[in-house]
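So for the sequence shown, the UniProt record's numbering puts the first residue at 1; every next one is plus one.
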Amino acid sequence: MFASAWRSVATTVETQLTATYFRGSSSNLRLCLRLADSPGFGAIRRRFLAVPVCPSLVNLQKLRKVGLRGMHSTTEAVKLEGMEIKILPALQDNYMYLIVDAKTREAAVVDPVDPELVIKTVQEDQLTLSKVLTTHHHWDHAGGNEKLVKLWEKQLDVYGGDDRIGALNQKVQQDDSFTIGSLNVKCLSTPCHTTGHICYHVTAGEGNGEGAVFTGDTLFQGGCGRFFEGTPEEMYEALCTKLSALPDNTKVFCGHEYTLQNMSFARHVEPDNEVIQQRIEWAKHRRASQDPTVPSTIGEEKSWNPFMRVHEATVQKHAGGATDPIVTMGKLRKEKDNFKA
């Protein structure tokens with residue numbers, strides 16, 4: 001019990017240090033470092049901060065991503081019609097994505113919280129990086145924008161739907177569109193987790209083939225983001241109206257490796273849903289070798305994600321029996337907020 005509590009404290013301090021680094025507050029960073037110097041915290045400082053306090057030397061993001069733990073997942077490339085998606089792990093459980101147009105080798109990066117890894121990958125693969133697609137303003141998604149823009153030698157268009165996003169120069173809203181080489185990108189406004197959250201739907205050619213959607217913290221595999229700045233009505237609109245309307249074969253690339261935790265809750269909601277149990281076993285095998293569990297598809301999410309199944313009688317019964325899907329959405333989220341897998 002003591003070891004578990006200590007690990008929790010260590011992770012909390014590490015998270016605060018990393019967040020402070022990305023927010024760029026030297027005074028707050030020194031405050032956190034003084035905390036790490038406090039009695040009982042010496043081991044944490046030795047583990048995570050065995051370097052002088054200097055912005056040029058203290059790369060807490062790398063300590064978070066690499067540190068003594070190693071990267072949380074392997075890097076992978078997923079080939080779709082007209083494009084390649086490079087899955088890049090970051091921080092404790094985040095994912096960044098490079099979207100590469102197969103024709104032109106032009107690329108865009110989604111939520112580049114680790115700018116150095118992005119640049120390294122772009123250079124090794126000889127890509128032309130031109131755009132940054134930011135899903136929302138939280139530091140673990142947008143915290144690398146300003147540094148990437150500073151490090152990158154060429155102009156970057158930084159997209160997002162919230163003025164709180166660093167380095168933003170292309171503000172977008174529902175149904176705005178742009179291109180990555182020959183690829184088409186359509187913006188879907190999905191406020192709730194944050195008021196300015198944007199999902200990006202990417203397709204090749206005329207948009208009739210297999211595409212991909214980058215959902216940040218709105219839609220996870222088997223779950224959804226917390227309602228930090230929104231309501232059940234807004235999340236219902238995001239998941240059950242906008243995202244559900246995409247073709248079922250659309251690949252879903254979410255912002256975190258939360259699959260096993262989310263699918264455990266999905267099984268709790270629908271214990272007799274065999275598709276959920278099958279996905280859990282598949283995900284266990286993937287995570288045993290640190291392979292990412294992304295992507296899923298929109299069609300699959302409709303079969304196992306309780307937050308996209310609020311019209312189903314089994315889900316409504318679990319949530320108290322109300323037949324209103326929005327009421328069900330709200331009750332599920334409240335339960336999930338306190339759920340222990």
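C-beta atoms are modelled at their ideal positions from N, C-alpha and C, and glycine is treated no differently.
The three-state secondary structure of D157, taken from DSSP, is strand. In terms of Cβ geometry, I198 and L246 do not form a close pair [threshold 8 Å].
The beta carbons of G181 and K103 sit closer together than 8 Å. The Cβ atoms of V185 and V158 lie no closer than 8 Å to each other.
The C-beta distance from D111 to T134 rounds to 6 Å, short enough to fall under 8 Å.
Our two residues, A319 and E270, have alpha carbons roughly 11 Å apart in a direct line. Around the beta carbon of L188, 16 or more other beta carbons sit within 10 angstroms, so the residue counts as buried.
Between Y95 and the set P295, M235 and G161, the nearest pair of CA atoms involves P295. The residue among L151, K302 and V172 with its C-alpha nearest the C-alpha of G160 is V172. Excluding the 5 residues flanking it on each side, E81 has same chain C-beta neighbours closer than 7 Å at A204, G209 and E210, in chain order. Contact fails between the stretch 81-92 and the stretch 217-225, because fewer than three Cβ pairs, one in each stretch, are under 8 Å apart. A distance of 8 Å or more separates the beta carbons of T121 and L156.
In the DSSP assignment, N169 forms no beta bridge with any residue. Around the beta carbon of N145, 16 or more other beta carbons sit within 10 angstroms, so the residue counts as buried. Partner residues in the beta bridge of L88, as assigned by DSSP, are M96. Scanning N273, M235 and F253 for the CA closest to the CA of K79 turns up F253. Only exposed fits W282, as fewer than 16 other CB atoms lie within 10 angstroms of its CB.
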